Each structure stands twice: as structure tokens, then as C-alpha cells.
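The structure appears right after this line, and notes come after that.
Chains as they are written, first to last, in my numbering: chain W, 39 to 330; chain C, 942 to 1104.
Spelled out as C-alpha cells, the structure:
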């Protein structure tokens, strides 16, 4: 068996967020930040990624690993590992979808390494956490040379398969979520075996006050070139009273609006069908936990 | 580059290429061959070792990333010639056929028992989930679950003097 090893690469450790950004600027953006490494290192082995230099940001864990409430926001640092999001009481209390999605994302050993920032910046259209952040309308904070920061919504953030709006000299440092009353959320996934990437996954978030849906987020994974944001369904739900009929209509929209391709995980019509069913289920469960 | 780490309590330091994976460092530099190297894609869990007490896939970690950390491998389970209960459990329950996945399974099982608040009452689901990052192609999963449970029960009995 041929041994898979990354091609020769230079390696340095970051000592602070600003140092990481400075090192990247000195290399004119021609390096990659190494977080959990569970996408980047396999891609380097396969020569799908060929960085000449890795800037290891694992030493930034003390600075960038946190889940905390600030005012009406929950803020998650980019180096927060999946296991920390899975086990966070604060997240479970405010956004139940995190526990559900993290529980089915990869396996426990991978979850010990993979990070929030790595998941988002890898922008794999089949990955679960990107769907969660999209449904919750998370805001990504990226910092560039000189300390300048930009705040990006997920529509801006995802620009294509494995492509984000984060510039080569920028680093994702944090993701922010607004805490609003009447929240419920749920994640549904169909996979071939435990820990695999989804055949299809649906992430749903609802905010319900006085019997009316005041806000809504719906995203599907593995059924398009990026995480699919089903904005037509969101529009259709806002201002309505939650009902199974309404969620079935939203599911039908997800089914129509996604754009899956046929592969070893199934044909197009099957994936469209599953996207509809899972969207409806996720919305129903989100409504149930919003109203509990 | 120079990399230094502790493996099973022993200091190791070598001049390596930055691209060297931790699994190859452990096998070729530290010459500890108990950690196996399997799928190379972080799917099979055979290369699992503990870094600061937490299981990681050593085929998907650079040796450079282990700088200054404590690594424990399957060789670290046995203490003074006495097998760890997880190793005894695999023996008692015949939890291996070809033995290739065994190091990763035992290290993962050891971690599960150590972190579980009530190891003697672990559910099958909890054990199966914990080892879900490992593949056994002999499909001996039933006996692996039994072995982990055996180790937890053995330790509880030993702790209360009822062994």
C-alpha cells in the first residue's frame, strides 16, 4: 500500500491572532491556516491542497476557543472544537440544534479535533455545521491585516463549493448568533453509516411569538454546490401560524429549490425527496421545541 | 525541524520534516509499533492515540502539532508487566480476530471508561458511539463492546475489593 504523506511543506506556529495574520501577510496569503486539520491534511495527502506553508493556529486555543454570551448574542470562537459545542450547556439552552448536529457530525475522535472555524472555512456543501450556522443566521467575524474586521452573513460567506468570501490574508475568528425570544431549532440527517457525510441534511430554526412565526432559517446540506439556503421557504413561513401544512409547503419548496447531483449517495429525484421530508421534519421539531 | 514530545511518559526529540504525520513519528522515530496505520484518511480509527488524555487520529495530525504534548499509545496501557483491564477485557471476551484495529479500539475504550461518570452502567449505545470512529473489518464489534464492559466491571469490582 502506498503511503499517503503530504508534500513537503513549511510549518510555523502562531503565537496570537494578530501574529497569525501577520505571518500570513508576510507570506502574501500563500499559506494555509491549520486548525483541526481533519479536512486540510487529508486534502494535502491527496494533493488537492498544496500549500507551501502551514501556519498552525492550534496554539491560539486559549484565545479562540470559547462559547460565551455577550449581551443578546452567543459568540463562538473559531478554534472551538466540535466536542465543546456538543457538550456546551449554554448552547443547548439557547440553540438545541447544535447538540443534535454535533451528535451526528463525524465521530467522537474526529470531533475532538475539528473546529467551528475549520468547518465553516472548508465550506464543504455536505457538512452539517455550515447548515446549522446558516439556519441560525450566524454572522462570521473575519480579521485581516492591521486588525480590520468584517462581519459576514452566510449568504455572503459561501461563494461556491469549498470557497468562501474569506480573503487569503484574513482569518475567521468568531461566529455570532442573536438570541431572540421563542426560539426552537432542529437538525435532521440521512447518512449511509454512522459518522458519514450526509446524503441529505436539513437544519431548521424558528422564532415563534404569540402563535406567529417571527423569524425562520432553513438550510439543506449535500444538495447543491454550497450549503443551500432555502430563503423562499423562510419568506413563506414568516408571519404565519406554525402548522404541519405550512411545514409541508416549506418542505416542498426545499425539494424544488435545492440542486443536488447524482452520485454514489443517490439519484437526484431521491435527494430532492429526502430534502423535502427532512426539511418538514426539522421545522416540525423546531416548532415543538420553540413552544415547549 | 526539531520536535519534542512525551510518549508514554518518556521524552522524545527528533529532527523531522514538518510534513511527518504523528503516526509515522511514533512508529519510525520513537520505534513504537503498537500504534497501527490503516486507512490514512481519518476514517478507520486504527491509529488512535491519546494526546493530553484525549483520543486523536494520529494519521491526521502532524508530529509537529504534538510538540510539548503528552502522547499515550497502546504500549502505555500495560504497567509494570500487568495488563490494563481494557487489555484483559479484550483477551477475556475474545475481542479480536486479526488484531489490526485492536490498538485503536483499546485506547478508545480506555478513554471512554475514564471519562464516563458511571462506567459500570454504560449503555451499549454509548460504547458503540464511542468506538464509532473505529472500523473492525473482522466485524467483531459485539465482542469489542463486551470487552469494554468487562473492563469497566472488573475495575469497579477491584475498587470495592470484591474481585
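Glycine residues also receive a C-beta, built at the ideal position from the N, C-alpha and C atoms.
All of these numbers come straight from a predicted model, not from anything done at the bench.
Asked, Found
"At a Cβ cut of 9 Å, what residues of the stretch 53-65 of chain W count as close to chain C, listed as they run along the chain?", "none"
"If we define contact as Cβ-Cβ less than 8 Å, is residue 89 of chain W a contact residue for chain C?", "no"
"Report the three-state DSSP secondary structure of residue 209 of chain W (helix, strand or coil).", "strand"
"Quick one, which of C/1072, C/1093 and C/946 has its alpha-carbon nearest residue 1006 of chain C's?", "C/946"
"Report the three-state DSSP secondary structure of residue 1059 of chain C (helix, strand or coil).", "coil"
"Any idea what DSSP makes of residue 1104 of chain C, helix, strand or coil?", "Reliability fails at residue 1104 of chain C, whose pLDDT of 48 lies under 50, so the model's placement of it is uncertain and the value that follows must be treated cautiously. Three-state result, residue 1104 of chain C: coil."
"Where are the alpha helix (DSSP H) runs, 4 residues long or more, that stay fully inside the stretch 973-1009 of chain C, in chain order?", "none"
"Once the 5 residues before and after residue 1015 of chain C are set aside, which same chain residues still bring their CB inside 7 Å of it?", "975, 976, 1044, 1047 and 1048"
"Give a yes or no on whether the minimum CB-CB distance between residue 287 of chain W and chain C is below 8 Å.", "no"
"Assess, as a yes-or-no matter, whether the stretch 955-971 of chain C is touched by the stretch 992-1002 of chain C under the definition of 3 or more beta carbon pairs within less than 8 Å.", "yes"
"I want to verify the contact list: residues of chain C whose CB lies under 8 Å from the CB of residue 151 of chain W, in sequence order.", "997, 998, 1001 and 1002"
"Kindly identify the DSSP beta-bridge partner or partners of residue 216 of chain W.", "W/111"
"Using the Cβ count rule (16 or more neighbours within 10 Å means buried), how would you classify residue 84 of chain W?", "exposed"
"Does the Cβ of residue 1020 of chain C have 16 or more other Cβ atoms within 10 Å, making it buried, or fewer, making it exposed?", "exposed"
"When DSSP builds the beta bridges, which residues end up paired with residue 180 of chain W?", "W/188 and W/210"
"So which of W/243, W/111, W/305 and W/328 has the shortest CA-CA distance to residue 288 of chain W?", "W/243"
"Please go through the same chain and pick out, in chain order, the residues whose beta-carbon is closer than 8 Å to the beta-carbon of residue 43 of chain W, but skip the five residues on each side of it.", "83"
"Going along chain W, which residues have a C-beta under 8 Å from residue 1015 of chain C?", "Ordered by position in chain W, no residue passes the 8 Å Cβ test against residue 1015 of chain C, which lies about 15 Å from the chain."
"Could you tell me the distance, in whole angstroms, from the CA atom of residue 223 of chain W to the CA atom of residue 992 of chain C?", "34 Å"
"List, in order along the chain, the chain W residues whose C-beta lies closer than 7 Å to that of residue 1070 of chain C?", "146"
"What are the boundary residues of the beta strand (DSSP E) that residue 1011 of chain C is part of?", "1011-1013"
"I want to see whether chain C comes within less than 8 Å of residue 76 of chain W, judged by CB atoms only; does it?", "yes"
"Residue range of the beta strand (DSSP E) that residue 72 of chain W falls in?", "70-72"
"Is the CB-CB distance between residue 140 of chain W and residue 149 of chain W below 8 Å?", "yes"
"Name the two residues that bound the continuous beta strand (DSSP E) containing residue 246 of chain W.", "236-247"
"Rounded to whole angstroms, what's the CA-CA distance from residue 1033 of chain C to residue 1088 of chain C? Just pull it up for me.", "7 Å"
"Looking at the C-beta of residue 79 of chain W, does it have a partner C-beta in chain C at a distance below 8 Å?", "yes"
"Identify every residue that forms a DSSP beta bridge with residue 201 of chain W.", "W/198"
"Per DSSP, what are the beta-bridge partners of residue 67 of chain W in this structure?", "Answer by DSSP bridge pairing: none, since residue 67 of chain W is not bridged."
"Per DSSP, residue 947 of chain C forms a beta bridge with which residues?", "C/952 and C/1011"
"At which residues does the beta strand (DSSP E) containing residue 262 of chain W begin and terminate?", "Careful: residue 262 of chain W lies outside any beta strand (DSSP E) and carries neither H nor E."
"Taking the alpha-carbon positions, what's the residue 960 of chain C to residue 969 of chain C distance?", "14 Å"
"Less than 8 Å between the C-beta atoms of residue 146 of chain W and residue 1070 of chain C, yes or no?", "yes"
"Applying the 10 Å Cβ sphere with the 16-neighbour rule, what's the burial state of residue 951 of chain C?", "exposed"
"Determine whether the Cβ of residue 1086 of chain C lies closer than 8 Å to any Cβ atom of chain W.", "no"
"Going by the CB atoms, is the gap between residue 72 of chain W and residue 59 of chain W shorter than 8 Å?", "no"
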